[in-house]
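Q:
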Amino acid sequence: MIFLTFFSGIIRHDVDEKAYLKLAAKKQFGCVGQIYKDTSASGSCVLISDHFVLSCAHVFVDSDTRPDTLNFNGHTIVSYVAYNHRVTDISNLKLVFKGQKVKVKNLWIHPYYLDSLTKGSCDIALLEIEQPLKNITPAKLNYSSDELNSNVVGVGYGASGPADRPDLVGLYNKKIAGENVVDSIGGQLYLGYETLLFCDFDHPTRTDCNKMGSPTPRPLEYISSGGDSGGGLFRKKKNQWELIGICTGGGVNVEQLIKTGYYGQTMEWTRVSVFTEWIDELKRWTTSKSK
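Numbered by our numbering, the letters in the sequence shown go through residues 667 to 957 in order.
1. Tell me whether K841 is buried or exposed, calling it buried when 16 or more other Cβ atoms sit within 10 Å of its Cβ.
2. According to DSSP, is F673 helix, strand or coil?
3. Leaving out the 5 sequence neighbours to the left and right, which residues in its chain are closer than 6 angstroms to F669 when beta-carbon positions are compared?
4. If you draw a straight line from the alpha carbon of V918 to that of T735, how long is it in whole angstroms?
5. Compare the beta carbon distance of I775 and A791 with 9 angstroms and say whether it is the shorter of the two.
6. Assign H724 to one of three DSSP states: helix, strand, or coil.
7. Which class does N839 belong to by DSSP, given the choice of helix, strand or coil?
8. Per DSSP, what are the beta-bridge partners of A805 in this structure?
9. Any chance you could list the alpha helix (DSSP H) runs of at least 4 consecutive residues sitting entirely within the region 678-729, in chain order?
10. How would you call N905, buried or exposed, if buried means at least 16 neighbouring beta carbons within 10 angstroms?
11. Does DSSP put C865 in a helix, in a strand, or in coil?
12. Let me check one thing: in DSSP terms, what residues is F763 bridge-paired to?
13. Considering only residues of the same chain and omitting the five flanking positions on each side of Y809, which have a CB-CB separation below 8 angstroms?
14. Under a three-way DSSP split, which group does V918 fall into?
15. Give me the Cα-Cα distance between I676 and D781, rounded to the nearest whole angstrom.
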């Protein structure tokens, strides 16, 4: 029986996890924190200024779930279907960065995400926190639309484990970072621009797992989803790290999962450059309102 859920920090089976943990611990990724609803870890987030944090919208839409069982090529698969959707009460939220806990003052979910006509696109949210954090450098936003083929690092919290052994993947509350390449850009249009960045998880030797772009994996190739939602996708440009994506998930190709584990799966990131105007306008409005 396979329980079909979404995980993050799925790593190469031939690379020691310590290398991924070491990458996540680097100073430039200290801006990536964890979201708690009451006492439960619910996702990841990225500090972008003293008082503002980015994450994905779907982390802040609560729902009830029911199991749904189906048979696929002789395998029993249990997935969980969400219903009764509602926006999270911010009084239940707490963000944690390097042990520092901070409450949320305001939450803005992008209006297009809540619009049923856009089918959940524009999966991005901005949060205002109650007080600044100490000794954490905020992420620099990317304003350029040149993300295709960029070498990137994804950072967040969630379950982790080797890609070839889905049965060993579990929730260990670790901050994991891994490498990939932006293989494609697509998704719904917003202000005339496509809103999603796509990466696939390439196998170290098998080319049949390649779904897009080059079949050659990065040294710390990985894939993220689920518990990593809201985490950051970074690239180094002109010797400076910048935030180019917010983790929104991906989905699981069941047939591929049965054949090759998490190799051959794809992940999606909300494209930050498309939403910088929305982010900056909200920040300016909030700052002027508080004066």
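Glycine is no exception: its CB is placed at the ideal position from the N, C-alpha and C atoms.
A: Here's the rundown:
1. Under this definition K841 is a buried residue.
2. Unreliable placement is indicated for F673, whose pLDDT of 42 sits below 50; the coordinate value is still reported in the next sentence. Coil at F673, not helix or strand.
3. Here F669 scores only 37 on pLDDT, less than 50, and its place in the model should not be relied on; the value that follows carries that caveat. The residues are V744.
4. In this structure, the alpha-carbon of V918 lies about 15 angstroms from that of T735.
5. At the C-beta level, I775 and A791 come within 9 angstroms of one another.
6. H724: helix per DSSP, three-state reduction.
7. In the structure shown, N839 sits in a strand (DSSP, three-state: E or B).
8. Note: A805 is not bridge-paired with any residue in the DSSP secondary-structure output.
9. With a minimum length of 4 residues, the continuous alpha helix (DSSP H) runs that stay inside the region 678-729 are 683-690.
10. That one is exposed.
11. C865 falls in the strand class under three-state DSSP.
12. DSSP lists Q766 as partners of F763.
13. Its chain contains S939, T942 as the residues whose beta carbon lies nearer than 8 angstroms to that of Y809, once the 5 sequence neighbours on both sides are disregarded; these appear in chain order.
14. Reduced to three states, the DSSP call for V918 is coil.
15. The straight-line gap separating the alpha-carbon atoms of I676 and D781 is approximately 32 angstroms.
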